[in-house]
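Protein chains in written order, with numbering that gives the first Met the number 0: chain A, 0 to 463; chain B, 0 to 358. Built from N, CA and C at the ideal position, the CB exists for glycine as well. One structure is given below, encoded as structure tokens.
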Amino acid sequence: MRDLSKTIWDVIVVGGGNAGLCAAIEAAETGARVLILDSAPKAYRGGNSRHTRNFRCMHRGPLSVLTGAYEKDEYFDDLIRVTKGKTDETLARMTIAASEECLPWMEAHGVAFQKSLSGTLSLSRTNAFFLGGGKALVNAYYNTAEDLGVTTRYEAEVTHIVVEDGAFTGLDALIDGTPSRIEGRAVVIASGGFQADLDWLADAWGSSARNFLIRGTPYNRGVVLRDMLNQGAESVGDPTQCHAVAIDGRSPKFDGGIVTRLDCVPFSIVVNKDGDRFYDEGEDVWPKRYAIWGRLVAGQPEQVAFSVIDAKSIDKFMPSVYPPETANTIDGLAQKLGISGTKLRETVDAFNAACRPGNFMPTELDGLATDGLTPPKTNWARPITDPPFYGYSLRPGVTFTYLGLKVDETARVSGPGGPLANVWAAGEIMAGSILGEGYLAGFGMTIGTVFGRIAGQEAAAHVA
Amino acid sequence: MSLDIPQTQDATSEARRQIEICNACRYCEGYCSVFPAITRERAFGDGDITQLANLCHNCRGCYYACQYTEPHEFALNLPAALAEVRVESWARFAWPGRFARVFQQNGVALALALALSIAALFWALTALRPESGQGFYAFLSHAAMVAIFVPAFVFPFAVIAIGLKRYWREAGGTAITMAHLKSAFGDAARMKNLSGGAADGCNFEKTDRYSHARRHAHHAVMYGFLLCLASTSSGTVLHYVFDMPAPYGLFSLPKLLGIPGGFLLTIGAASLAWLKIKADPSLGAPSVWGGEMAFVFLLGATGATGLALYGATGTALVSPLLALHLGTVLAFFLTTPYSKMVHGFYRLAALVRDAQLRG
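Here it is, written out as structure tokens:
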């Protein structure tokens with residue numbers, strides 16, 4: 000294999016996910032000599048982009064697979080709603096405006112799109128779905144990069160970015176476990192967040208974080224982020240926050256991805272380990288509530304909860320990857336879930352007694368609420384009476400972390416003495432600059448694509 | 000003969016496990032008809048799995064796009080799982096089933112069948128040589144050819160009809176309308192399910208890069224085969240209806256159909272074999288790789304020997320080449336219900352059933 004330290008690379012890209020690949024392709028298209036270092040083995044390349052399925056795209060009329068129009072202002076309003084205003088308006092508006100021309104660029108670089116998936120019709124106007132999902136996108140970009148002469152090394156973990164007098168000169172990396180110094184004239188840092196580093200999460204969340212499941216790649220350990228922060232790089236985002244959703248408690252510790260989601264909560268009652276309800280399961284439609292349930296479950300004993308439904312509701316939501324626990328009695332179900340049967344029966348009886356007659360409408364807020372129950376269930380409250388009864392365990396699943404590097408409109412990173420001469424950042428590692436709180440479906444890939452392309456162009460222009 | 004074939008139940012259970020994961024993901028909906036068919040269901044009976052397996056064209060787009068392939072603990076390999084169910088189902092539907100296992104899996108058995116057929120034809124050419132006759136008929140009389148090939152042609156179709164009936168029952172098929180047939184034949188004619196949908200082709204010989212090579216090679220084989228069949232049929236019609244027996248000139252219907260057909264079949268089969276060597280065998284059913292390869296060669300050989308026979312017109316090679324060609328054709332037809340050839344029939348049935356389920 001080629002000795003990477005024998006070359007002075009024009010542009011080194013740290014992290015081979017969507018943002019890093021976009022940067023590498025843009026830089027290589029100018030003729031720059033580009034190296035991608037990805038810490039994962041080839042089978043797991045692409046970081047969290049492997050698990051994505053679409054990107055949110057502004058458009059003034061029907062565009063490729065996108066229907067209707069999704070104008071800048073509506074897009075920005077959606078962003079303000081989820082972030083509660085925690086965004087950088089200039090960067091946000093720039094990202095939104097640039098998203099429109101990303102779609103044809105992506106198609107020209109090998110990405111195929113498909114109509115919005117069944118069960119996601121609500122996104123057909125706002126989000127363009129990748130055919131085959133994010134891994135197919137990642138494959139397409141790696142092939143494009145390879146055709147452009149980009150060198151890629153997997154299992155190459157960057158441990159230190161060497162910055163001298165405000166400028167990058169090279170980096171230290173473990174290549175196949177051997178420490179190497181690799182020199183370059185510009186660097187694009189696209190190595191993601193730190194959500195796979197459970198110790199770091201525990202520092203921010205307390206030891207309960209060790210019970211969290213990580214929905215994405217185990218390779219996003221934030222090594223480069225921490226290194227840059229230690230060197231005084233300007234940061235952005237709340238260091239104690241991560242985006243966590245409620246997922247199936249039986250999911251793999253890492254990399255469970257999309258299939259671990261559970262959409263049954265609004266039609267269920269959710270109890271903790273003690274058999275007690277703790278929040279209004281019917282507060283709003285699930286796409287608007289799944290994110291808060293990550294935190295809610297994280298706040299319960301042992302960070303676990305159980306969603307219980309009966310035969311009436313089993314086909315009212317998307318199928319999930321693990322079959323539910325099933326029993327013909329509430330006691331039997333409790334036994335299978337490992338909680339007290341007496342307690343679960345009491346909770347179910349109290350809930351059933353509080354249910355009122357009314358019209359159940361699964362796809363909209365139907366106002367079918369409990370009467371005199373604490374906490375209440377304000378929609379879809381139907382008594383749990385028809386066997387068989389089903390139970391799913393829930394755990395918090397971490398999607399991403401908010402703490403990152405602060406960048407300007409040119410994706411440039413700043414150090415203690417102002418902007419660094421030749422260091423750019425793109426993707427999840429700088430997304431906190433725009434997404435200060437909450438999440439907007441497909442927006443992470445938009446940030447990655449827009450800033451990856453900018454970072455690649457800027458780095459290439461710097462070394463030209 | 001390999002004895003480590005997974006039991007039906009195992010192959011079907013494994014496919015069901017994988018399909019249930021696919022149904023919770025749905026990222027691959029745009030590749031082919033299998034995924035929209037999956038999303039229409041919540042639970043999958045054995046018949047549903049058989050139907051999905053036969054609907055799959057093994058384009059492999061879903062495998063390379065999948066975030067859950069090994070080393071991930073979900074260990075998805077849907078093209079392989081469905082291939083295993085598919086070949087199991089053909090063996091189960093075939094009558095008698097024992098033959099299916101022999102020829103599907105075993106290239107040597109298929110080669111042996113070929114050698115025996117050719118030897119039989121050499122014997123026939125020697126033993127039954129007519130007193131007189133034109134063209135081929137100087138070597139083997141028309142009556143003798145009919146006596147050999149009519150049963151060899153009728154038999155496979157009768158056996159396949161039995162299999163299709165069993166398939167239809169297992170897949171839960173209902174009354175077929177013209178609309179169903181139009182949809183199924185339209186999809187088959189274009190090989191829609193090998194097109195990759197919005198992707199530019201399928202993932203076969205170039206791993207995660209898309210290519211149309213397999214679809215084009217398959218088109219060459221399929222249309223080449225149909226042209227050859229049309230050539231023979233046109234000859235039959237000329238013989239019986241118009242009293243115009245062979246040999247036919249270059250500008251006759253049998254030759255105008257047969258020569259391009261023979262070339263397409265030969266080149267297409269050679270391409271398919273080459274692609275199959277380049278592709279990853281673990282994304283198919285590895286146990287039948289040899290049998291499939293032998294089948295592709297047999298198909299190509301029917302085209303190549305036919306062309307060689309035509310090329311040898313008027314030379315001393317006609318007699319041995321006639322034995323070679325007719326022997327190849329005989330082996331092809333006799334093994335049809337038990338070779339990879341059945342895939343076309345079951346896939347068409349699956350496309351018809353899919354058209355029904357789409358409503």
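The stretch 92-99 of chain B and the stretch 289-299 of chain B do not touch, with fewer than 3 CB-CB distances between them shorter than 8 Å.
Sequence-ordered contacts of the stretch 20-46 of chain B with chain A read ILE20, ASN22, ALA23, CYS24, ARG25, TYR26, CYS27, GLU28, GLY29, TYR30, PRO35, THR38 and ARG41 [C-beta pairs closer than 8 Å].
Note on A:MET360: under 16 other CB atoms within 10 angstroms of its CB, so exposed under the neighbour-count rule.
Collapsing the DSSP output to three states places A:ALA424 in a strand. DSSP lists A:VAL13 and A:ARG152 as the beta-bridge partner residues of A:LEU36.
By DSSP's assignment, A:GLY403 forms a beta bridge with A:VAL235.
DSSP lists A:GLY390 as the beta-bridge partner residues of A:GLU324. The beta carbon of B:ASP207 falls within 8 Å of a beta carbon belonging to chain A, placing the residue at that interface.
Excluding five sequence positions before and after B:TYR30, the CB atoms of its chain that fall closer than 8 Å to its own CB belong to CYS58, GLY60, CYS61, ALA64, GLY195, GLY196 and ALA198, given in chain order.
Assigned with DSSP and collapsed to three states, A:LEU170 falls in strand.
DSSP links A:ASP247 through a beta bridge to A:LEU393.
Residues of the stretch 235-259 of chain A with a Cβ closer than 7 Å to any Cβ of chain B, in chain order: PRO251, ASP254, GLY256, ILE257 and VAL258. Setting aside the 5 residues that flank it on each side, B:ALA311 is surrounded in the same chain by VAL317 and LEU320, each with a C-beta closer than 7 Å to its C-beta; the list follows chain order. Excluding sequence positions up to five before and after A:GLY403, its CB lies within less than 8 Å of the CB of GLY192, LEU224, SER234, VAL235, GLY236, ALA424, GLU427, ILE428, MET429, ALA430, GLY431 and SER432, all in the same chain and listed in chain order. Between A:LEU136 and A:PHE129, the CB-CB gap stays under 8 Å. According to the DSSP assignment, B:ARG59 belongs to no alpha helix (DSSP H), since it is labelled neither H nor E. Distances from the alpha-carbon of A:VAL222 to those of A:GLY14, A:ARG452 and A:ASN53 put A:GLY14 closest. Here the C-alpha atom of A:VAL303 lies approximately 7 Å from the C-alpha atom of A:ALA297. Taking B:ALA110 as the centre and dropping the five residues before and after it, the same chain places the C-beta of ALA293 closer than 7 Å to its C-beta, in chain order.
Near chain A, meaning a CB-to-CB distance below 9 Å, the residues of the stretch 66-90 of chain B are GLN66, TYR67, THR68, GLU69, PRO70, HIS71, GLU72 and PHE73.
Closest in alpha carbon position to A:THR125, among A:GLU280, A:GLY441 and A:ASP171, is A:GLY441.
Secondary structure at A:GLN113: strand, using DSSP grouped into helix, strand and coil. Residue environment analysis places B:GLY313 among the exposed positions, since fewer than 16 neighbouring C-beta atoms fall within 10 angstroms of its C-beta.
Inside the stretch 161-217 of chain A, DSSP marks whole beta strand (DSSP E) runs of 3 or more residues at positions 166-174, 177-183 and 186-188, from first to last along the chain. Residues of the stretch 308-320 of chain A with a C-beta less than 9 Å from any C-beta of chain B: ILE313, ASP314, MET317, PRO318, SER319 and VAL320, listed in chain order. Note on B:GLN133: under 16 other CB atoms within 10 angstroms of its CB, so exposed under the neighbour-count rule.
Among the CB atoms of chain A, one or more fall inside 8 Å of the CB of B:ALA64. Residue environment for A:GLU100: exposed (fewer than 16 other C-beta atoms within 10 angstroms of its C-beta). In this structure, B:LEU306 sits near B:GLY261, with a CB-CB distance shorter than 8 Å. By the criterion of a C-beta distance shorter than 7 Å, A:VAL462 is surrounded in its chain by ASP9, VAL10, ALA31, ARG184 and ALA185, once the five residues flanking it on both sides are discounted. Contact with chain A is found for B:ALA198, since one of that chain's Cβ atoms lies less than 8 Å from the residue's Cβ. Think of a sphere of 7 Å around the beta carbon of B:GLY60: the chain A residues whose beta carbon falls inside it are GLY131, in chain order. Membership of B:ASN192 in any alpha helix (DSSP H) is not indicated, and neither H nor E is assigned to it by DSSP. Close to A:HIS50, with beta-carbon spacing below 9 Å, are these residues of chain B in chain order: GLN66. The beta carbon of A:GLY274 is closer than 6 Å to those of ILE338, SER339, LYS342, LEU343 and THR346 in its chain, skipping five residues each way along the sequence.
Residue environment analysis places A:ARG80 among the exposed positions, since fewer than 16 neighbouring C-beta atoms fall within 10 angstroms of its C-beta.
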